[in-house]
Amino acid sequence: MTGHKNTFEKFATVEAHGSSPLYETLSLSIADDEEILALTGEVPADQPAPNLLFAAVQYLLFERPDEVLADYFPNTSELSKLPREGAYEAFRNFCLSHRDDIISLLQSRRVQTNVISRSSILLPVFEYLSRRCNRIPLGVVEIGPSAGLNLLFDKYGYQYGRYGKYGDPKSPVQLSCEVRGDEEPPLPKELPLLGKRLGIDLNTLDVRNEDDVRWLRALIWPEHEERRNLIEGAVSVARESPPELIEGNALTDLENVCSEVPENEQLCIFNTHVLYQFTVEQQEEFAELFGEIGQSRDLFWANCEWHGDEPEVRFVEYVDGTKSIDVLALYDSHGRWIEWC
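Under my numbering, the letters of the sequence shown match residues 1403 to 1743, in that order.
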């Protein structure tokens, strides 16, 4: 399991460091534990092993708050300020005691984090798209929406520093985003008009299903209380207006999904931090698919992913079959800031 050993070492030093002291500690120990590394061999090749393993453990802990390990998790116990020494022993014992349950989750679930704060990036992006098509209704399709909570970006409230407040001030989801740079992002006096909104995912999550909501909670790192609160607020919004989600493979089913967007709406496809789960060949096939769709109708694609050293919103447009590409913004992957280009 040399590959996963390196994966956990990198996860500890690059991702968890400074963000989750608990996961950093656990990951460094997992990297040297052959028995736990063997357990992660059940993780599908297209899934990030640390995220999936930790989510599976949290998912089980939620219904086992009396376990010793729960004392080390801020979201399951008031005793979580215990020194981290001893945390790995408790984690290891829990994994071995509940091995079958963990394997079942590793094989059946996926890393499908809904980062609600990324909606702070989507609001100006969709305002830009709305202006670009003279404010005809936008027919929105999200790739990899998980529970579809970011499809509801127009139902949240926003604060963009000196540029003021936007969206719904009474929404249970209130987001704050710093605006960097000299360019003012396109922020809406009136929200973009949305028509059809759809999501396609290999494994959709239903906010009306308690097991699915528990999995959403399990994907949030233990110390991230603000993100937990945002998920709870977004779930309450989604239960009032459940997004239409389709279970399928974007590489084979996207064209059919897009055909459900009426011709009198501007087709807008977007994704946020999904393509890392695609192989290089799949990403190339995915990009070619847009060309095929773009020959039959105009489309906008907001591709919000890591491009090089930092995330960018890359805007791909097909008008009358002609393709153009532009970079709209740089942004923080958790929506904490945006710099419009």
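Beta carbons: idealized from backbone N, C-alpha and C, even for Gly. Just so we're clear, the structure is a prediction, and the values are computed from it rather than from any experiment.
Residue i, buried or exposed, once every other Cβ within 10 Å from all chains shown has been counted against 16
i            : result
residue 1610 : exposed
residue 1434 : exposed
residue 1822 : There is no way to answer for residue 1822, as the model of the chain reaches only from 1403 to 1743.
residue 1743 : exposed
residue 1440 : exposed
residue 1523 : buried
residue 1538 : exposed
residue 1605 : exposed
residue 1556 : buried
residue 1432 : buried
residue 1673 : buried
residue 1521 : buried
residue 1481 : Because the pLDDT at residue 1481 is just 49, under 50, the model does not fix this residue reliably, and the value given afterwards should be weighed accordingly. Counting Cβ neighbours within 10 Å, residue 1481 comes out exposed, since fewer than 16 surround it.
residue 1460 : buried
residue 1421 : exposed
residue 1681 : exposed
residue 1629 : buried
residue 1547 : buried
residue 1467 : exposed
residue 1511 : buried
residue 1661 : exposed
residue 1519 : buried
residue 1668 : buried
residue 1583 : exposed
residue 1569 : buried
Residue i versus the options, residue with shortest Cα-Cα distance
i            : options                   : result
residue 1654 : 1494, 1690 and 1638       : 1690
residue 1678 : 1513, 1571, 1519 and 1414 : 1513
residue 1643 : 1454, 1539 and 1553       : 1553
residue 1475 : 1423, 1523, 1522 and 1443 : 1423
residue 1622 : 1442, 1652 and 1418       : 1418
residue 1719 : 1735, 1696 and 1707       : 1696
residue 1607 : 1568, 1647 and 1585       : 1647
residue 1633 : 1573, 1663 and 1410       : 1573
residue 1656 : 1631, 1640, 1641 and 1701 : 1701
residue 1714 : 1578, 1731 and 1458       : 1731
residue 1721 : 1694, 1712 and 1567       : 1694
residue 1665 : 1699, 1491 and 1724       : 1699
residue 1469 : 1500, 1668 and 1569       : 1500
residue 1616 : 1515, 1413 and 1652       : 1515
residue 1624 : 1712, 1509 and 1472       : 1472
residue 1567 : 1589, 1450 and 1583       : 1589
residue 1725 : 1449, 1692 and 1663       : 1692
Cβ-Cβ separation, residue j to residue i (assumed contact under 8 Å), whole Å
i            : j            : result
residue 1464 : residue 1620 : 7 Å
residue 1429 : residue 1446 : 19 Å between Cβ atoms; not a contact.
residue 1729 : residue 1716 : 6 Å
residue 1601 : residue 1544 : 4 Å
residue 1670 : residue 1540 : 5 Å
residue 1618 : residue 1549 : 6 Å
residue 1733 : residue 1740 : 5 Å
residue 1559 : residue 1575 : 7 Å
residue 1427 : residue 1489 : 6 Å
residue 1709 : residue 1517 : No, residue 1709 and residue 1517 are not in contact; Cβ-Cβ is about 17 Å, not under 8 Å.
residue 1649 : residue 1613 : Actually they are not in contact, since the Cβ atoms of residue 1649 and residue 1613 sit about 16 Å apart, beyond 8 Å.
residue 1542 : residue 1599 : 4 Å
residue 1458 : residue 1504 : 5 Å
First and last residue of the uninterrupted beta strand (DSSP E) at residue i
i            : result
residue 1452 : Careful: residue 1452 lies outside any beta strand (DSSP E), inside the alpha helix (DSSP H) at 1451–1463.
residue 1705 : 1701–1709
residue 1673 : 1668–1674
residue 1599 : 1596–1603
residue 1731 : 1724–1733
residue 1580 : 1580–1582
residue 1742 : 1739–1742
residue 1561 : 1559–1561
residue 1513 : Taken as a continuous stretch (DSSP letters only), residue 1513 belongs to no beta strand (DSSP E), as it is neither H nor E.
residue 1546 : Here residue 1546 belongs to no beta strand (DSSP E), and DSSP marks it neither H nor E.
residue 1618 : Residue 1618 -> not in any beta strand (DSSP E); alpha helix (DSSP H) instead, spanning 1612–1620.
residue 1648 : 1646–1649
residue 1569 : 1567–1569
Residue span of the alpha helix (DSSP H) that contains residue i, given as start and end
i            : result
residue 1533 : 1521–1534
residue 1654 : 1652–1660
residue 1716 : Note, residue 1716: premise wrong, no alpha helix (DSSP H); beta strand (DSSP E) at 1712–1721.
residue 1504 : 1501–1510
residue 1425 : 1423–1432
residue 1438 : 1436–1441
residue 1695 : 1682–1696
residue 1635 : 1627–1642
Cβ contact check for the region 1532–1548 and the region 1487–1496: 3 or more pairs under 8 Å: no
The region 1520–1530 / the region 1588–1595 touching (three or more Cβ pairs under 8 Å): The region 1520–1530 vs the region 1588–1595: in contact.
At least 3 beta-carbon pairs within less than 8 Å: the region 1698–1709 vs the region 1657–1677: Contact check between the region 1698–1709 and the region 1657–1677: three or more CB pairs, one atom from each, fall below 8 Å, which counts as touching.
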